[in-house]
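One structure is given below, encoded as structure tokens.
Residue numbers (my numbering): 15 to 995.
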């Protein structure tokens, strides 16, 4: 055991607590039982079988209010693995649930037996017919697919609000739609073909001309059963009319019975049935979509009305004018949304009856945009609009920033209500649809029902399609609160069906909470046909039982999850999963959501229980050590949770007093540490050159085993040589800015064999060339942005360096008179934002006077307009860093790259490289996993330049791709260097 191995007990929750009623029981503490574990390991291989209790718990939750512990989690790599799993389940009488993103809102991604992760190895987009169609694997997020299609001026029809995280397979399986899809642009209407695996293991490609012939040979009873059901439905004129009427509005409740009317053959029927089947008919292994035009000319308005009735009356008029989206927000939603950053504060005082519509038009060209704007103006002339707050304009605009603000306000619905719900409450996101002409009545009825049952009354939704959304928060640990939820659901279902003849699920799919009410909406005849369809396709009931069909009238109350209180930074988490695609450790260990889910399970357990012990044993590495701490999860989270900050806090808890003292001493003596680090880099390179890099790597590996892997970095062959000891000479007099070379650039040189100037020399040269010289203070040595200590949770050292750098910067910049230009994006973020909580009150005042500017912004905004580009590279690929995302300056990286190269590519799979200062040397497997997709994309072709703006990220990307990444500032200096110099 290493000398300084952290004690897992340091992470044990210290609060007094009673075991929760839904806690994982002790009999599950050992994980997957035998012989299930050994049989599946023999079938698939050990790396595809997740069996530890921590694995089972982290997969037990999704975005829904339900929680079910699987017996085992499988991670298949290909369709053969899936077929093998289904054959095994078929033969052993087991049940299988497929899970992709886990963003489903009704428990569709949870199972109590075999759970199959079909996200990790199932990503990829192939553009067909110049973008008119796209072949997309099921684990690909909608956003990732649309990013690729955007290059061809196309996009997918479905546009769910969870596009950042939800996968295409899940969208098809739930027939999720979104703001603009309605009933004409959803998966059912735009899916050209799909490949799926039936419960028996039979694979069907609906695009194959011989598919029906092969299916009849492989599954004769299935084919006969489908055709018999089709004939029975078509013979019933009343039922046929009812089916058509039900799909005249948005409806995802139950199976798509219109597939029997629209499909002529068994394969065509199955193609329709698979859409919205929620994983109960088979596994969708591949999709081919007919894409839609990406109309880039956008005009939007946020319009305020005195009442819901007035707002609803305007909806059909905007629909007729050609609006692509008409979104409704009631007054309670508008007022609650002021808690979200960027939403006007004066909305807090809006009159009670106020409502608003967000209306958007999209056109392919100027002429189309002008025509839509003229139509919108005509509609506006007849509207009863109000101006209840100074920020309200009631005007259409083309400004992208303003439009983004409107959509942020619209999406603040979940953020505001979900983030402010009482601690310990479960959040349910519901949706339903009514005929659009009944919209106002439905809103008023819903608000009254919410209020009467003691829920926060608020409604928003896709008004153009009569599709409304609302939220419910209740305590699943309190029987009285569960009873209140049940009473609400009974009345809600009666209201939607009996009063409005609506859909109990418009776009979220049936799931566990509406399955008991399916017959209430569809009636006994249609519901029995759905049961018979399930029997024909899955006669043994292998796939996803109880998710669409359930005869238990109280099934919606089974498996409700409690939400025990955890650390304050993570307590508002609604477990939506939006954070997961941004997380560097997503494919290695755990995601931000899973880190919180695991922590919540610890809080459900009795202190010292076997389950808690198992979770703590795995949590150190799986959650704490392999968190990059980049906090991009915060950017994706609808309630702004920074799980990275929580993990840094846990690192601090594991520090011994001696470690804290050493860290503080390092900060106090950083000038010596910096010089020593530069010497160590030089020595390591010299030894490595003689021994091929083996000796430094062997020495550091030995030290890591002896001391602790999370304290001693591993020597990597990609580490560059040491930086020059002396920085370029500059003059304070006449300087336009103070230039702060980050410590990483004072320790490490640029890429091996790159030649040319160092980064510091390039910044000085290009600034002078633009007529805006910079000054490097003589005493920068020994200072740092404090990120070194911040990322590891060393608070004492962090405070020392945070205060030192702010005091020094204030002096260098003459009290903030000059901007401070920082040449590493993570250091810019550190000085601009992350040091603030650790400053003294006096130094916070000094910090407020500083203007901290990233070198990218300095170069793009201040220098480039004054420079002449003499020589451009043919092509460049850029790596935006996570710090750039936080700072909002990724656009400037692209501007610089486009100035330096004829062709610029930002990989679709670009994300945090997870090198995270030195974390890539502490846990290189983290960077290997985080960069795998981006590296594969980069290496699919050659580029003339590989650019970024943070030295450690550049090292990480060089390790991943084998190509020498360097700062865009160095490339800018080369491109603007006068000929002959």
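Every residue gets a Cβ at the ideal spot worked out from N, C-alpha and C, and that includes glycine.
These numbers were taken from a predicted model, which means no experiment stands behind them.
In whole angstroms, what is the alpha-carbon distance linking residue i and residue j?
i           : j           : result
residue 25  : residue 35  : 23 Å
residue 901 : residue 548 : 51 Å
residue 288 : residue 128 : 21 Å
residue 640 : residue 866 : 30 Å
residue 683 : residue 801 : 16 Å
residue 274 : residue 91  : 33 Å
residue 463 : residue 499 : 12 Å
residue 783 : residue 827 : 22 Å
residue 781 : residue 835 : 11 Å
residue 554 : residue 88  : 21 Å
residue 562 : residue 259 : 21 Å
residue 445 : residue 910 : 45 Å
residue 591 : residue 663 : 22 Å
residue 262 : residue 877 : 57 Å
residue 368 : residue 337 : 22 Å
residue 685 : residue 793 : 10 Å
residue 884 : residue 917 : 16 Å
Nearest CA to the CA of residue i: which residue from the options?
i           : options            : result
residue 864 : 886, 752, 208, 247 : 752
residue 21  : 766, 943, 627, 648 : 627
residue 370 : 346, 356, 636, 688 : 346
residue 760 : 772, 749, 750      : 772
residue 451 : 556, 326, 268      : 326
residue 466 : 505, 188, 556, 180 : 505
residue 988 : 841, 482, 778      : 778
residue 125 : 76, 44, 738        : 76
residue 667 : 133, 806, 372, 69  : 806
residue 133 : 804, 324, 163, 183 : 183
residue 849 : 876, 875, 816      : 816
residue 401 : 940, 374, 361, 419 : 361
residue 747 : 775, 283, 787      : 787
residue 577 : 105, 63, 81, 39    : 81
residue 277 : 739, 244, 650, 257 : 244
residue 998 : 921, 502, 229, 791 : Residue 998 lies beyond the range of the chain shown here (15 to 995); nothing can be said about it.
residue 543 : 239, 981, 922, 491 : 239
residue 858 : 823, 873, 868      : 823
residue 613 : 254, 68, 983       : 68
residue 165 : 502, 256, 384, 148 : 148
residue 394 : 438, 382, 349, 328 : 328
Just to check my reading of the structure: residue i and residue j have Cβ atoms closer than 8 Å, yes? What is that Cβ distance to the nearest angstrom?
i           : j           : result
residue 112 : residue 297 : 6 Å
residue 605 : residue 594 : 4 Å
residue 201 : residue 217 : Their Cβ separation, rounded to whole angstroms, is 20 Å, which puts residue 201 and residue 217 out of contact at 8 Å.
residue 615 : residue 629 : 6 Å
residue 207 : residue 198 : Not really, about 19 Å apart at Cβ, beyond 8 Å.
residue 119 : residue 570 : Between residue 570 and residue 119 the Cβ distance is about 13 Å, and since that is not below 8 Å, they are no contact.
residue 115 : residue 175 : Not confirmed; about 13 Å, so no contact.
residue 377 : residue 331 : Going by Cβ atoms, the distance from residue 377 to residue 331 rounds to 19 Å, so no, they are not a contact pair.
residue 739 : residue 695 : Wrong, their Cβ atoms sit about 12 Å apart, outside the cutoff.
residue 839 : residue 898 : 5 Å
Tell me whether residue i, by its Cβ, gets closer than 7 Å to a heavy atom of the ligand SAH.
i           : result
residue 845 : The model on display carries no ligand, and the ligand SAH is accordingly not part of it.
(request) Pick out the complete alpha helix (DSSP H) segments inside the region 902 to 967, 4 residues or longer, and give them in chain order. (result) Here the runs fully enclosed are 904 to 914, 933 to 936, 938 to 952.
(message) Counting beta carbon pairs with one atom in the region 329 to 342 and one in the region 473 to 485, are three or more of them shorter than 8 Å?
(response) Yes: at least three Cβ pairs fall under 8 Å.
(message) Does the region 188 to 196 come into contact with the region 128 to 144, if we say contact requires no fewer than three beta-carbon pairs (one atom in each stretch) closer than 8 Å?
(response) Under the Cβ criterion (8 Å, minimum of three pairs), the region 188 to 196 does not count as touching the region 128 to 144.
(request) Assess, as a yes-or-no matter, whether the region 937 to 957 is touched by the region 970 to 977 under the definition of 3 or more beta carbon pairs within less than 8 Å. (result) With a cut-off of 8 Å, the region 937 to 957 and the region 970 to 977 count as touching, because enough Cβ pairs lie within range.
(request) Check whether the region 404 to 422 touches the region 308 to 327, counting contact only when three or more Cβ pairs, one atom from each stretch, lie closer than 8 Å. (result) Put simply, the region 404 to 422 touches the region 308 to 327. At least three CB pairs are less than 8 Å apart.
(message) Suppose only complete runs of 4+ residues qualify. What are the alpha helix (DSSP H) ranges in the region 152 to 182, listed by chain order?
(response) Listed in chain order, the complete alpha helix (DSSP H) runs (minimum 4 residues) inside the region 152 to 182 are 156 to 164.
(request) Run through the region 775 to 850 for me and flag every whole beta strand (DSSP E) of 3 or more residues, listed as ranges in chain order. (result) Along the length of the region 775 to 850, whole beta strand (DSSP E) runs at least 3 residues long occupy 834 to 836, reported in chain order.
(message) Report the start-end ranges of each beta strand (DSSP E) in the region 174 to 255 that is 3 residues or longer and not cut off at the edges.
(response) Runs of the beta strand (DSSP E) lying entirely within the region 174 to 255, each at least 3 residues long, are 205 to 211, 217 to 219 in chain order.
(request) Scan the region 653 to 695 and note each continuous alpha helix (DSSP H) run of 4 residues or more that stays entirely inside, going in chain order. (result) Taking only runs of at least 4 residues, the alpha helix (DSSP H) segments lying wholly in the region 653 to 695 are 657 to 668, 671 to 682.
(message) Under 8 Å: do the region 103 to 110 and the region 644 to 660 share three or more Cβ pairs, one atom per stretch?
(response) Verdict: no, contact absent.
(request) Would you mind listing the beta strand (DSSP E) stretches within the region 21 to 73 that are 3+ residues and don't spill past its ends, in chain order? (result) Segments of the beta strand (DSSP E) lying fully in the region 21 to 73: there are none.
(request) Count the C-beta pairs between the region 581 to 599 and the region 914 to 932 that are closer than 8 Å, then say yes if the count reaches three, no if not. (result) The region 581 to 599 vs the region 914 to 932: in contact.
(message) Across the region 427 to 437 and the region 651 to 665, are there enough close Cβ pairs to call them in contact, namely three or more that are closer than 8 Å?
(response) Short answer: they touch.
(message) Whether or not the region 889 to 908 and the region 962 to 972 are in contact is what I'm after, with contact meaning three or more pairs of Cβ atoms, one per stretch, closer than 8 Å; do they touch?
(response) Here the region 962 to 972 lies against the region 889 to 908, with 3 or more beta-carbon pairs under 8 Å apart.
(message) Just to confirm the assignment: which complete beta strand (DSSP E) runs, minimum length 3, are found wholly within the region 69 to 126?
(response) Counting only runs of at least 3 residues, the region 69 to 126 fully encloses the following beta strand (DSSP E) elements, listed from N- to C-terminal order: 86 to 88, 110 to 113.
(request) Write down every uninterrupted run of the beta strand (DSSP E) in the region 846 to 883 whose length is 3 residues or greater and which is fully enclosed by it, in chain order. (result) For the region 846 to 883, whole beta strand (DSSP E) runs of length 3 or above, ordered along the chain, are 866 to 868.
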